[in-house]
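Trainee: The structure that follows is given in the form of structure tokens.
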Amino acid sequence: MVLSRRTFSAIVGTAALGLSLGGSAEMCAASTVPTGPAPGPPRADGRRHTVDFDRYSMIVDGGRIVLWSGEVHPFRLPSPSLWRDVLQKLRAHGYNTVSAYVSWNYHSPAPGAYDFTGVRDLGLFLRTAAEVGLYVILRPGPYINAEVDAGGFPGWLTATQGTARTSDPTYLKYVDEWLTAVNRIAVRHLYTAGTGTIVLYQLENEYADHATEAAGRDYMAHLYRKVRADGVDVPLFHNDKGRNGHWAPSTFDTGGEHGRWLYGFDGYPSPFRTPPDWGYFGPGGTKGGSTASPGTPGFLAEFGGGWFDPWGGAEFDGKGYAESRRTRDAAYERRFYLTNLANGIRIHNVYMTFGGTSWGWLPAPVVYTSYDYGAALDEARQPTAKLVPMHQLGHLLHSVPELAELDRAEGLDVGGGPGLRAYHLVNPTSQAHVHVLRNDTAEERVAAVPLAGTTLRVPVPGLDARLLATGISLGQRTLRHSTAQPMLRLAAGRQDVAAFTGRTGETTETALECPGKPAVTVLEGQAECEYRGGALHVHARLGGLIRVLVDGGGVQRPLLLLLADDETSVRLWRHDAPSGTVLVYGPALLRTAVLRDTAAHLSGDTVEEADLEAWVPRGVTEVVWNGQRVPTHVTRSGSLRAAHRLSGAGPVRLPALTGWRRSAENPESAPDFDDSAWRTADRAASSSTTPVPAGGPVLFADDYGFHYGDVWYRGRFEGAADAETVSFSYVTGTQGLLMAWLDGRPLGTHRMPVPDKKSVRQGTWSATAAFPVAPGKGSHVLSVLVRRMQHDQDGRAEDAHKAGRGLASVTFKGASPRVSWRIQGEGAPDPVRGPLNNGGLYGERNGWHLPGFADGGWEPVALPRDERGQGVVWYRTAFRLAVDPGTDASIGLTLTDDPARAYRAQIFLNGWNMGQYINDVGPQHTFVLPNGVLDTHGENTLALAVLSDGSTPSGPGKVRLTLLGKAAGGVPVTLVDSPRAAT
Ligand code: IPT
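Written out as structure tokens, the structure is:
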């Protein structure tokens, strides 16, 4: 066996070996890693581990593994207890890896200040991932994009010198601060050290624009050196924006270290086009991917599992994330993800798998609060039908390690007409074959797959795909072929179990190699079995769970063959516990399985009543479900089956929201308001990229240390009796607005236009709002409120996050008074809820959003409201929940009103800013209230800060709690700290 230098250096992980890329020797070298059992779920077990790769796949502790990953952002779920819920759901549904950005702005309220406590406890997230048994791909930027404010850059960084995302020394100084802080935590959770499960670490994000320039190469080289110097010893990578070959190995200086750098790229193809071929990664492949980086495995660092929706819902015709999920449904996943696997992708991260919530001022201007993304797990943590293919494929990849090492095999003519595509792959060691059949037409097509000795006729539904395998081991028996997709296999007790899946109602044929005629018993469902040509042929129409027991025929261990339709397949849970593998059938979710003495301790969820059945290792005779012993009997399937059904989730009663109290604010609009403590806006130069109008002063809020939410300006001037109009030029993200008053009288409100589908990506909006005035003689005060929305992202590395925000200039027609300005934005950052929780509204600066605020003097009112007037009005109420402790209820707040009414509301739950509702823009009406921020067993405070432009009557209209999902089970939830108003 020829061992290529590249492979060797990857395996031993040495830095000293030279790099020989593009050499033909390595292209034809056989794999050096025998196909053995895939490494089990990772744990922080205190032992050292090796994390390597060759051109096929990652190699962890010497074993091949496909990383089947889902993207989850801890910062989009501000309730650490629920991280466990989401991560357990990932693992249960077949993912073995979680990929997570870390958002610099979330952790840094000021230069030199880094906070990893409370909802920002990255260490806890990493620990939870390790406890759950998932590998981690960590992506701390420094730039992340991700539809977050400034692409993850802290607000304060927008007001610094130095070009971001280059080797500019000022910028690098701040970057190093951040990396030092985040890496201090990362290195405590490395899989190599046995103290965590991080196996890969990403530098920067889709960094293409300076990829060929010295400032870009030096920057990446700096990041590489810094991350290594901080002690991160797992392979590093970058996510190329497309399969362009940017940042492939040896394209920049990695300080003499080779073999520890992977090439990864991102793909977000249109769901309405044919899935792209990346070029096969690995031997026998076509050009493209394989030439971009021939020595590293196919790596999709992000592959679109949904897509984001901008304000107004332009991306999905106003239908919101339900439409994202519909256009990238389970069949999309099979077509696109199976194509990826067929292209040799062995590290596959779905962006997003749980999108969560861009709460507070976290969202980039382009998106609204919900970041549901149309992901497989919805924003309310509920599983969707999109988990079905992920579950089936994920469990398959763990069960059948041969799939981590496949070469492209001879092309196959499968007939079926145009639009039917077949990929053929073979494992060079076991000679197992894999076929991916994809139908790019809307009608069902039938593939005729030539196999040794026969032709298998396989229907492929319109716009769908399936994977077939031949020659894979099912334990002691081998699969000859099946028209159903293999899903899992395990050895349980004294028998082997193998499961196959497909769509409900499909007729399937599964053939098992059998040297002699076996005894066959159909235990459940209908199947016809026939022994011929050395194989047992099982014909069945899929529906529910079909069980066929195959015994004898020259093989020692019986095989239980399970044929499951889609719906049934996601009730089958294979779980590798440290002391053995179990298969559980029935409940809506299996979270954990621990084998102790003679009992299998299982935890999980039910929604409806459910059966519980478990295949367990020998010696295990008892089942405990969520801490309760369940009487069982042994079935003919070789399982332990609960004598009684598990009960489903009980009722969840939500109170009506009543008892509202109201108070108007914006005292800043009054002429005699005391602004003496405000900052004087007198700077002559700005660090923003937006030009400061001649004569100044600088009015951009970031230059005065105000980075989030609303900002107030008060300008004093004398005389100007002849002024006819005053014009405010201002800059915001999409949906920004400006309200102005002169001497306490409203001048009017200006709003940035609602973008259409074409202009929606543009982050910065500037406009000039002109209002007629007649100031008269004497002293005057202009009061201006600007809702800035947030900073642009900097996807093209051009300092776009430094575009100005707030007022740019103020001019008069008919007069030119000298105006002296003062400015006030957000107060000191909330030490618990973080820097992105608050903007500069009067109510926010004075704790009106907080629990315990004394609102007893406020006016009691009932909703819906019908007010008219420009300004800010707050509404507060409290409500009490008493959800059964064994029930995981996911609860949202729904606001509805006549869409013609021009107002918006910032929603505060127990002081936490849960997002922004814009009544006449939408499309979001329901805001997820995460348990932990929400007390489901106690009292909660709700506050709405309503901004109305005065052009229409305004609400709030109907405001109610909605149940978004419930299950018996869930995870224990610790309330997050929600500091109360100072009394
Ligand atoms: C890719 C980014 O890397 C990611 O952060 C996120 O913004 C995602 O897009 C879209 O949700 S960029 C790619 C679409 C060009």
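Under mature numbering (1 follows the signal peptide of the UniProt record, and there is no 0), the letters of the sequence shown match residues -25 to -1, 1 to 958, in that order. Ideal Cβ placement from N, Cα and C applies to all residues, glycine included.
1. Where does V421 sit, in a helix, a strand or coil, going by DSSP?
2. Hey, is Y326 close to the ligand IPT, as in C-beta under 8 Å from one of its heavy atoms?
3. Specify, as a first and last residue, the run of the beta strand (DSSP E) that E488 falls within.
4. Hey, is the stretch 667 to 685 in contact with the stretch 745 to 755, meaning 3+ C-beta pairs nearer than 8 Å?
5. So what does DSSP say about G273, is it helix, strand or coil?
6. Could you tell me the distance, in whole angstroms, from the CA atom of F212 to the CA atom of W887?
7. Drop a sphere of 10 angstroms on the beta-carbon of F278, count the other beta-carbons inside from all chains shown, and report buried for 16 or more, exposed for fewer.
8. Which one or two residues does DSSP pair with M195 in a beta bridge?
9. In chain order, what residues of the same chain have a beta carbon less than 6 Å from the beta carbon of D697, not counting five sequence neighbours either side?
10. Checking the sheet assignment: what are the DSSP bridge partners for S758?
11. Under a Cβ-count criterion, where at least 16 other Cβ atoms within 10 Å of its own Cβ denotes burial, should N812 be classed as buried or exposed?
12. Report yes if the C-beta of D657 is less than 8 Å from at least one heavy atom of the ligand IPT; otherwise report no.
13. Any idea if residue 959 is buried or exposed, counting beta-carbon neighbours within 10 angstroms, 16 or more meaning buried?
14. Give the straight-line distance between the Cα atoms of P250 and A289, rounded to the nearest whole angstrom.
15. Could you name the residues of the same chain whose beta carbon sits closer than 6 Å to that of E298, not counting the 5 residues immediately before and after it, in chain order?
16. Please return the same chain residues whose Cβ sits closer than 6 Å to the Cβ of H366, not counting the five positions on each side in sequence.
17. Measure the alpha-carbon distance for D513 versus Q531 and round it to whole angstroms.
18. Can you give, in chain order, each stretch of the beta strand (DSSP E) that sits fully within the stretch 349 to 413 and has at least 3 residues?
19. Less than 9 Å separating the beta-carbons of R654 and Q845?
20. Just verifying my parser: in three-state terms, what is the DSSP assignment at P666?
21. If you count every other CB in all the chains shown that lies within 10 Å of the CB of H725, and 16 or more means buried, which is it?
22. So, helix, strand or coil for A906, using DSSP?
23. Determine the direct distance from the alpha carbon of Q63 to that of G(-3), and round the result to whole angstroms.
24. For V748, which residues in the same chain have their Cβ closer than 8 Å to its Cβ, ignoring the five residues on either side in sequence?
25. May I have a chain-ordered list of the beta strand (DSSP E) segments no shorter than 3 residues that lie completely inside the stretch 111 to 195?
26. How about P246 and Y346: do their beta carbons lie closer than 9 Å?
27. Quick check: the Cα distance between D415 and G391, rounded to an integer number of angstroms?
28. Bridge partners of Y76, per DSSP?
29. Using the C-alpha atoms, what's the distance from E354 back to V47?
30. Could you tell me the alpha carbon to alpha carbon distance between R955 and W236, rounded to whole angstroms?
31. Could you tell me whether any non-hydrogen atom of the ligand IPT is closer than 8 Å to the CB of I322?
32. Rank P436, Q406, R469, R478 by C-alpha distance to the C-alpha of A444 and give the top, closest one.
33. I need the straight-line Cα distance from V150 to Y110, nearest angstrom please.
34. Give the secondary structure of E106 by DSSP, where H, G and I count as helix, E and B as strand, and everything else as coil.
35. Just how far apart, CA to CA, sit A652 and P272?
36. Given this structure, state the Cα-to-Cα distance separating A190 from W58, to the nearest angstrom.
Mentor: In this structure, then:
1. strand
2. yes
3. 482 to 488
4. no
5. strand
6. 35 Å
7. buried
8. Beta-bridge pairing links M195 to no other residue.
9. G789, A790
10. R689, W716
11. buried
12. no
13. The shown model of the chain, from -25 to 958, leaves out residue 959, and the question about it has no answer.
14. 24 Å
15. F291
16. H68, G69, V545
17. The question names Asp, but residue 513 in the sequence shown is Val. Taking the straight line from one Cα to the other gives about 20 Å.
18. 395 to 401
19. no
20. coil
21. buried
22. According to the sequence displayed, residue 906 carries Asn and not Ala. N906: strand per DSSP, three-state reduction.
23. Residue confidence for G(-3) is low, a pLDDT of 29 falling below 50, so the modelled location carries little weight and cannot support an answer.
24. A698, E699, T700, V701, L717, L722, F787
25. 173 to 177
26. no
27. 11 Å
28. R114
29. 11 Å
30. 48 Å
31. no
32. Q406
33. 26 Å
34. helix
35. 59 Å
36. 38 Å
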